[in-house]
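Just add 581 to wherever you are in the sequence shown, counting from 1, and you've got the numbering used here.
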Amino acid sequence: MSYLKELNEEQQSAVKYIEGPQLIIAGAGSGKTRVLTYKIVHLLNNGFNPENILALTFTNKAAREMKERMNQLTDPSKVKKLWMGTFHSIFARILRVEGALLGYTRNFSIYDTEDSKKLIREVVKTLKLDTEQYKPKQIYGIISSAKNNLILPDAYLNDSDIQEFDRRRKLPETGLIYQSYQARIKKADAMDFDDLLLNMNILFRDFPEVLKKYQKIFKYILVDEYQDTNNSQYLIIKKLASIHGKMSLVGDDSQSIYAFRGANIENIFRIQKDFPKLQIFKLEQNYRSTQKIVEAANSLIEKNRNRIPKKIYTNNHEGQSIILKQTSTEKAEAFFVVKKILKLKQQENFDYKDFAVLYRTNAQSRVLESAFREYMIPYKLYGSISFYARKEIKDIVAYLRLIVNKSDEQAIKRIINYPRRGIGNKTIETVQNIANQQNKTFWEVLSEIDNNANLLNAGAIKKLKAFYGLIESFSEFDFQKEVKELVEAVVQRSGLKLELSSDRTPEGIEKYQNVEEFLSAVTDYFETQEEDEVQQERSLETFLEEIALATDQDEEKKDDNKVKLMTIHASKGLEFPVVFIVGVEDGLFPGPISMGNPKDLEEERRLFYVAITRCEKQLYISFAQNRMHAGKYMSYTPSRFINDIDKAYLDFDSLSEKTSDFEIKQENDTFAQNRYKSNQAVQEKRKLSPLKVEKDRETEEIKEFDKESGLKVGMEVEHLKFGKGKVIKLSGTYPESKAIVDFEEHGKKNLLLKFAKLKKISN
């Protein structure tokens, strides 16, 4: 058991206990993933069959990382046999085997959020309701909440309290929409994300012999990020563990931040009642952050009342105080971040990938992105469109989904007229109406379209038949052995290749490159078959399932040397040497609704705790005196959460007392300067120390020739995106040397030379 020597005393105790139910409270940076990984290794080394171990995570990335580490610690052939993956991927696997009991085929589709919202919009229109009143996004959220609380459509409609609540919020027909939506998604042989959990509960409720089967299979259950489980997930875990009672639930109540997704922090306290023999272990040593960051986080989270008492500590070095920065506006705040990143990169040898900028809402990224672009700082925006969510990729995937599951209504409608085949919306609507009236699927109507010749003209029937024949032609491929060939045929025969290759704009070229990358993804997926678990043979169906359940973190590339911009929610589970938390103001963080609700306020404080504990070395917290809201400047005060942090860990001397020349030059905002004096009273109230003037930016050296790049003023150059142009100015020293180039088609651009990759045309 030499592997146990790599753990501290707290971790060893948690890993070695395998006699009964266990709750491991793992503080931020305490080695949670390591403990979970070593726990599984310890189970394997103590006689547990890997096929009897169920390990549930919230991202494929987490499962992948744990498997890689386990392969180094124990027999890889055992690791392959583990039931390990996300809640949704494991339950989807079980439902493909058992779903026939609920009326599904093995090839059921998984609808993503976009598919579900489109279907809800169709249902609302079919019911002749107002799509502005019954907004798909809002209705989707209501249905999702109902499913996570195991409320089926009939129960929803028969619950007088729910109906009264819907009437009060002016959405009285929500139950009918839910009922129709669920009928349509079932007819399409599809499940949405919430159905994967809901149907597992129904399966175990209505078929006790199936529940017994999996209770016998899963003799030890492990759950990562347990504090993020919702009611539906909790009940599945409880049912599966009710016989053996052997499980390890790993999480941290202080990092429960997903209530808006249905996560229930009460599950941490609930499990103690449902399993009286539950043993609690605490991991309190932080390996990630400096002492000042750890203590500052402790002083913050201690203000929450609903928590399991613990004292996180670290043996890391003391580190610097947390830097507080006040700026005049959000633009000044963005340029403060930019300026600080460039300074730290130059003076302390950080790479761009060492920095993360965290904010409360996605809308805050706009000003930050503008500043980053102006200074040519490479960045990655989390929460932006992911690879598999790009239109050109979703189009290919829709073809593949339809090939696998002919009942997939949303897949059909996405591609029936793309590329254009002359099949208009009126024709599609007619086919859908026929399907509804005859209680058939859209595909079934297509397969016998001649029977409805009286409802469609000859031209429409001919085009529908051609589309039907195209999809049927792909059945010649083996969905396990010839998937790459199938995808290539789809791209070619459908007309997608011609459509994309004919667009020679930069955007069109990028789309075509994304399609080529998709082909590489298919190849990679099947070439790594040997490294994967043997529980499930890889096929087109499993590939589509993995795509449907992928998250942003699953697509992360470790070698991206870019600053990361993301919401605090998206940062969960990540860590960075240097972190900026921006927009820490009352009314934004916490928001106005949360400020009036003690329960919501505690969740917002946990969110701030998560933000702080992402940081390893240097932490910056900033707030603006004035922020643009709906086109008007509004005055803001520093967040109450800043006052929750012990002042011993904050550097007040870093506060900027007025708009510096740097900030004035960047935003030319005289309004912000005028607002400064009126905010001094607020600073006194918040007991913030006086501010000091920062120095101007260093004047950049202007030159005729740049030695590193070989460029000189007047030289003609070519850029991959902007085309041909002439260098009109050179300035700065490497690695921050820049050029202003006057492009023929795009005008003047300020470029950072180490990223610009300019091709010299003339001397």
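Glycine included, each C-beta is placed from N, C-alpha and C at the ideal position.
Expressed to the nearest angstrom, what Euclidean distance is found between the alpha-carbon atoms of residue i and residue j?
{"i": "ALA840", "j": "TYR980", "result": "35 Å"}
{"i": "ASN897", "j": "VAL875", "result": "10 Å"}
{"i": "THR1086", "j": "GLU973", "result": "15 Å"}
{"i": "GLU695", "j": "ALA609", "result": "33 Å"}
{"i": "SER658", "j": "LEU683", "result": "34 Å"}
{"i": "ARG786", "j": "ILE675", "result": "15 Å"}
{"i": "GLY1168", "j": "ALA1205", "result": "12 Å"}
{"i": "GLY1050", "j": "ASP735", "result": "39 Å"}
{"i": "LYS926", "j": "LYS642", "result": "29 Å"}
{"i": "GLY666", "j": "TYR963", "result": "23 Å"}
{"i": "GLN653", "j": "ARG947", "result": "43 Å"}
{"i": "SER870", "j": "GLU950", "result": "27 Å"}
{"i": "ASN845", "j": "HIS623", "result": "30 Å"}
{"i": "GLN744", "j": "LYS751", "result": "10 Å"}
{"i": "SER829", "j": "ILE701", "result": "39 Å"}
{"i": "ALA782", "j": "LEU635", "result": "The sequence shown places Asn at residue 782, rather than the Ala named in the question. Looking at the two C-alpha atoms, the distance is approximately 17 Å."}
{"i": "SER670", "j": "LEU1130", "result": "7 Å"}
{"i": "PRO1173", "j": "TYR762", "result": "34 Å"}
{"i": "GLY1003", "j": "LYS1044", "result": "7 Å"}
{"i": "ASN998", "j": "LEU1146", "result": "37 Å"}
{"i": "ALA1016", "j": "GLU1029", "result": "11 Å"}
{"i": "LYS794", "j": "LYS768", "result": "28 Å"}
{"i": "TYR969", "j": "GLU1088", "result": "17 Å"}
{"i": "LYS1302", "j": "TYR584", "result": "52 Å"}
Who are the near neighbours of residue i in its chain, counting only those whose CB is closer than 8 Å to its CB and skipping five residues on each side?
{"i": "TYR956", "result": "VAL919, LEU923, LEU1333"}
{"i": "LYS1340", "result": "VAL1298, GLU1299, HIS1300"}
{"i": "LEU859", "result": "GLY601, PRO602, GLN603, LEU604, ILE852, GLN853"}
{"i": "LYS718", "result": "LYS698"}
{"i": "ASP1232", "result": "GLN901, SER902, ILE903, ILE904, LEU905"}
{"i": "PHE862", "result": "GLU591, SER594, ALA595, TYR598, GLN603, LEU604, ILE605, ILE606"}
Enumerate in chain order the residues of its own chain whose CB-to-CB distance from residue i is below 7 Å, with the five nearest sequence positions on each side excluded.
{"i": "TYR1093", "result": "LEU1081, SER1082"}
{"i": "LYS1319", "result": "SER1312, GLY1313, ASN1331, LEU1332, LEU1333, LEU1334"}
Between residue i and residue j, how many whole angstroms is the CB-CB distance? I'm expecting something under 8 Å.
{"i": "PRO631", "j": "LYS662", "result": "4 Å"}
{"i": "SER1203", "j": "GLU914", "result": "5 Å"}
{"i": "LEU1351", "j": "GLY722", "result": "Residue coverage of the chain in this structure runs from 582 to 1344, which leaves residue 1351 outside it and unanswerable."}
{"i": "PHE1161", "j": "LEU939", "result": "7 Å"}
{"i": "THR1008", "j": "LEU1037", "result": "7 Å"}
{"i": "SER813", "j": "LEU778", "result": "4 Å"}
Which class does residue i belong to by DSSP, given the choice of helix, strand or coil?
{"i": "GLN592", "result": "helix"}
{"i": "GLY1328", "result": "strand"}
{"i": "ILE904", "result": "strand"}
{"i": "HIS1300", "result": "strand"}
{"i": "GLN714", "result": "coil"}
{"i": "MET957", "result": "coil"}
{"i": "GLY1040", "result": "helix"}
{"i": "HIS1210", "result": "strand"}
{"i": "ASN811", "result": "strand"}
{"i": "ASP735", "result": "helix"}
{"i": "PHE1161", "result": "strand"}
{"i": "VAL1294", "result": "coil"}
{"i": "PRO602", "result": "coil"}
{"i": "GLY1076", "result": "coil"}
{"i": "ALA1229", "result": "helix"}
{"i": "LYS1276", "result": "Per-residue confidence for LYS1276 stands at a pLDDT of 33, beneath the threshold of 50, marking its modelled position as unreliable; the derived number appears in the next sentence. If DSSP states are grouped into helix, strand and coil, LYS1276 belongs with coil."}
{"i": "GLN836", "result": "helix"}
{"i": "LYS863", "result": "strand"}
{"i": "THR871", "result": "coil"}
Here's a check: name, in chain order, each residue in its chain whose Cβ is nearer than 6 Å to the Cβ of residue i, leaving out the five neighbours to either side.
{"i": "ALA607", "result": "LYS613, VAL831, ASP833, LEU864"}
{"i": "VAL1165", "result": "ILE1202, PHE1204, SER1220"}
{"i": "ASP1181", "result": "SER1175"}
{"i": "THR895", "result": "ASN867, GLN872, VAL875"}
{"i": "TYR1315", "result": "GLU1289"}
{"i": "GLY1328", "result": "none"}
{"i": "PHE1060", "result": "SER1120, LEU1121"}
{"i": "GLN945", "result": "GLY1164"}
Please find out if some non-hydrogen atom of the ligand GDP comes closer than 7 Å to the beta-carbon of residue i.
{"i": "THR1011", "result": "With respect to small molecules bound, the structure shown includes none, and the ligand GDP cannot be examined in it."}
Are at least three pairs of beta-carbons, each pair with one atom in the stretch 1123-1131 and one in the stretch 897-910, less than 8 Å apart?
no
Between the stretch 1224-1232 and the stretch 878-894, do three or more beta carbon pairs fall short of 8 Å?
yes
Below 8 Å, can you find three or more Cβ-Cβ pairs linking the stretch 985-1004 to the stretch 1014-1026?
yes
For the structure I just gave you, are there three or more beta carbon pairs, one from the stretch 1192-1200 and one from the stretch 1209-1216, closer than 8 Å?
no
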